[in-house]
Each structure stands twice: as structure tokens, then as C-alpha cells.
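Structure first, commentary second.
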Amino acid sequence: MIRISKLAESIKPSATLAAGAKARQLKAAGITVYDFSLGEPDFNTPEHICAAAAEAARRGQTHYTPTSGTPEVKNAICRWYQRFHNLAIEPENVIVSNGAKHSIHNALAATVGPGDEVLIPSPYWVSYSDLVLMTGAKPVLLETRPETGFKLTPEQLRSALTPRTRLLMINSPCNPTGTVYTRQELEQLVDTLLNHSDAAILSDEIYEQLTYGNAQPTCIATLRPELRQRTITISGASKSYAMTGWRMGWAIAPGHVVKAMDAIQSQETSCPSSISQAALVAALDGPQECVAHMRAEFAARRELTCRLLRQIPHVRLHEPEGAFYAFFDVTAYFHKHYGGLWVSDSLSFCTALLQQAHVNLVPGVAFGAEGYVRMSFATSREVITAGLARLAEWLQTAQ
Ligand code: PLP
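Here the sequence shown stands for residues 1 to 399, numbered as in full-length UniProt numbering.
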């Protein structure tokens, strides 16, 4: 028998992808499932982006590209940061990878290893801790509470810093909580880090174009001049341009970090897809009305989702200000029977809910937050309305 490596044994499969797979099984059996598990826009990629990719393929842009991306795509990313964040960056500070998840993996592989600590505020995106574990470094989870809006406080950060701290991971807007830090709050956090350690920041800003109401995205690298040398900024096209399948993510980092990531990527995948890179140029340089249109629809779905969830007794909702997830506390519904199934935690809650009511949510435990569940509202208003009606009905069957 072929033995499985220690690395593979230490890694859990992505909980959100696993939840999506379970729902697909039921759908294949002809059952209507209200699937709120996946973090991907239900929109198709805008037409002008698809056309640019088709044109690139026809023109023969079908060969390997430079490992870190074509000059065209790096220049488009530089222009986009100048326009969107007023941040001047050079192409040598950019590396494009096969999705932001891959960018994060390469950034971690390039900067941390055994003996190093990586601070991760929790609740956190399911992949962070496993991606850190894959490098041999230690993820250190810093629990945030609904009372502070699920935000890390400077005091918490200060007391978590040790001589082994190499990185702080920040994700604003946050998956799963929808929390968006204000500029001032981020300034306080980065000042704490700059004053008390030589650790760097890995800032995952992938939901930066999806904020609602008064919430504003902040690019952490713009906060202090010295942060340019201490920050790895991650973003990508999956969420804002409905391009999950194209696998386009990028990192902005100091030159020596980009070089190290480039070496890793050259051995892993040679380069990102040439055709997807052409599509990304069109996404970043082309008309941005498509993003505004999708954001407006997400905003309407967020309103609807929050309104319907607030009507369900004992559900405690943390209102999201960004991304496309509702994260809510369902502990009032634990320690009860549902049609013969005993629900005692977020996992048994989601399992029973899917099995009996065909509503698919992701258990909070996957994000380091037992007691909560995550619902993606990146789906139609009809599905949201019908699925939440089902959820409310099912909760009433508790005994
Ligand atoms: N970062 C966060 C917070 C995410 O939620 C996701 C996707 O769910 C990613 C990164 C990765 O996105 P992709 O690899 O599709 O670019």
C-alpha cells in the first residue's frame, strides 16, 4: 500500500468545498437543495472578459508565459492599484498565480517555516490554518468576539506577539464574518505591529470591491510608508469579476519576496494560464460597470438575507458590511432533537439541516467559531427567500 505523507495527513480538505460536494450528491439524486455553502458569485463572467480570452486564444497566446505573469497583466494590476487605492506599485512587486489561494500558499511558503508563528484572527477563512500548517509553521488563532464586531484589538495583538511571530494575517472584508475594519482601526493594529515586532502582514483583500453601506475597503500597504517593505497584499479576480474558474489571483510584495515566490511557482506550475491572464487584463482595464452591477445585486441580497434572518427567533446575526456571507449564532437551537437527529454543535446542526430540510450551510467550526453557521448570499433572491423559509420551518421542528 502506498503510504500517505505526514504533510497530507495533517491537512483537512476544504470544509466549504466538502459542503458543496454533499449538496451536489443530493442534487444528482433529483432533490432540490437550497445551497448556501459556496463562496462564489452565481453570475457568469462578463462578456467583454470572455471575448478577450477567446481573442487571446485565437491570436496564439497559448504558450507558457513568464512565471510571475505577462508584462501586460502586471501593468494592468499596477494601473488598477493606482486607480482604486491610489497606490503606486512597480511590475517587479507583482506576481500572478492560479487564484488567490495559490498566492497565499506561495507567500507563506516563501516567508515562514518550522519554528515560526503566524497570527490568524478567528473566525478565519477555512484555508488559512491549513495553508500555514503545510509550511511547518504554527498557526496561532486569536479569537475575536461579536461584541467587538469580530475585530482584533491592538491589545490582543500586542499580547500575542512573540519573538517567533513572523506574520499577521488580516482579511478585511472578512470571510466568514463580513467584518470590514475602518482605516483607523487598521492603523492602530499596524502601529502596534510596527512598534513591537519585526513581523510582516499578509493582507488578504480579495473582497475589497464588495463593501456595503458606509463600509470602505482599505489597502493596508497604503497606511504607512514603511509598510511597503512589511506587507504582502493578496487579491484576485474570483469574487469581484465573477471569475472563480479562471483562477486568477495575485500578490503585491517587496521585490525579494516576489523573487522567492517566483522560484516556488516556477517549480510548481511554471506560470498561470496564459488565456486567463489575458482575461484578467480585460477585467482590470475594461469597463467597471459590471462590478457595480454585481455589487448592487449583492447589496440587495444582503438586505433581504439580514431581514429574513432577523425574523427567525433566537438567531443572532452579525450584520456583514462586506463580502457575501451572513454569519450567525445558532447555539439556541443546540441540544435538541430534529426528526430523530440529535443536534449538539454546528456540524451536527448543518448535517441535520441538509439531510432533513435540504438547506446547505457551512458549520462555524470550520472557521474556528463553534456555535455559528455561514450562509453565502451569492445566490438568487428566490433561493434566499425559499431557503430561509425552509430553515425557519425546520427550526420549529426542534424537540
Ligand atoms: N481569500 C478568501 C478570504 C476567500 O474567501 C477566498 C475564496 O473563497 C480566497 C482567498 C481564494 O480565492 P481564489 O483562490 O478563488 O482566488
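Where is the CB? At the ideal position from N, CA and C, for every residue including glycine.
Buried or exposed (CB count within 10 angstroms, at least 16 for buried), residue i
i: K12; result: exposed
i: D35; result: buried
i: I220; result: buried
i: A54; result: exposed
i: I4; result: exposed
i: G255; result: exposed
i: Y128; result: buried
i: G6; result: With the sequence shown as reference, residue 6 is identified as Lys, and Gly is not the correct amino acid for it. Classification for K6: exposed.
i: N214; result: exposed
i: G387; result: buried
i: Y333; result: buried
i: L161; result: buried
i: V325; result: It is worth fixing the name first, because residue 325 is Tyr in this sequence and not Val. Buried, because 16 or more other Cβ atoms sit within 10 Å of the Cβ of Y325.
i: N106; result: buried
i: M375; result: buried
i: G364; result: buried
i: T32; result: exposed
i: E205; result: buried
i: S240; result: buried
i: P46; result: buried
i: I120; result: buried
i: R230; result: buried
i: L17; result: exposed
i: A242; result: buried
i: G39; result: buried
i: R247; result: buried
i: R83; result: exposed
i: R59; result: exposed
Of the listed residues the options, nearest to residue i (C-alpha basis)
i: K101; options: I120, W125, N93 and G115; result: W125
i: N44; options: F328, L395, T397 and S380; result: S380
i: N175; options: F327, G245 and R59; result: F327
i: I89; options: L347, L227, L391 and L152; result: L227
i: S172; options: R166, R164, E185 and A160; result: E185
i: I77; options: I95, T67, T397 and T218; result: I95
i: P272; options: L17, N98 and S5; result: N98
i: I264; options: G340, S103 and Y372; result: S103
i: C199; options: V112, W342 and E40; result: The amino acid occupying residue 199 in the given sequence is Ala; Cys does not appear at that position. Selected option, being the one with the closest Cα: V112.
i: L284; options: S270, D262 and W250; result: W250
i: N195; options: T179, R224, I2 and V383; result: R224
i: E319; options: L388, T233 and F150; result: F150
i: D345; options: T192, L354 and T331; result: T331
i: R164; options: D116, L317, T148 and V140; result: D116
i: T177; options: E382, V373 and A378; result: V373
i: L108; options: T233, G339 and P363; result: T233
i: G245; options: R230, T269, Q277 and V257; result: Q277
i: G136; options: P146, K336 and V118; result: V118
i: E147; options: L141, D130, L157 and T179; result: T179
i: I197; options: L167, E205 and Y181; result: For the record, residue 197 in the displayed sequence is Ser; it is not Ile. Selected option, being the one with the closest Cα: L167.
i: I275; options: L142, T269, S14 and Q61; result: Q61
i: H293; options: Q25, P41, V33 and A56; result: P41
i: R145; options: M243, L317, E289 and I31; result: L317
i: V257; options: A8, S68 and A57; result: S68
i: A389; options: Q267, A279, T153 and L309; result: L309
i: W394; options: L341, E297 and F377; result: L341
i: F298; options: S10, M248, A378 and A56; result: A378
i: A8; options: M134, A21, C50 and K74; result: M134
i: L354; options: L26, K74, R183 and E268; result: L26
Rounded Cβ spacing between residue i and residue j (contact assumed at less than 8 Å)
i: M169; j: L202; result: 5 Å
i: N360; j: A19; result: 6 Å
i: Y212; j: E321; result: 6 Å
i: residue 460; j: S235; result: For the chain, the structure presents residues 1 to 399; residue 460 sits outside this window and is missing.
i: A369; j: M261; result: Not really, about 30 Å apart at Cβ, beyond 8 Å.
i: V132; j: P123; result: That pair is no contact at about 16 Å.
i: H48; j: A282; result: 6 Å
i: V343; j: A352; result: 5 Å
i: S37; j: A23; result: 6 Å
i: I312; j: A392; result: 5 Å
i: T222; j: L87; result: 5 Å
i: T305; j: I252; result: Not confirmed; about 32 Å, so no contact.
i: Q188; j: P217; result: Not quite, the Cβ-Cβ distance comes to about 17 Å (not below 8 Å), so this is no contact.
For residue i, the residue or residues it bridges with in DSSP
i: F328; result: L317 and V373
i: L119; result: V140 and L168
i: D35; result: N360
i: Y204; result: The sequence given here has Asp at residue 204, not Tyr. According to DSSP, which records beta bridges pairwise, D204 is partnered with N171 and I234.
i: residue 404; result: A query on residue 404 cannot be resolved here, the shown segment of the chain reaching from 1 to 399 and no further.
i: L341; result: Y338
i: G322; result: T211
i: N98; result: M248
Below-7 Å beta-carbon distance, residue i vs any chain D residue
i: Y181; result: Here there is only one protein chain, and chain D is not present.
Residue i CB to nearest heavy atom of ligand 3 below 6 Å
i: P313; result: In terms of ligand content, the structure shown lacks ligand 3 and carries ligand 1 instead.
Any heavy atom of ligand 1 within less than 6 Å of residue CB: hits in chain order
G39, G99, A100, K101, W125, N171, N175, D204, I206, G236, S238, T244 and G249
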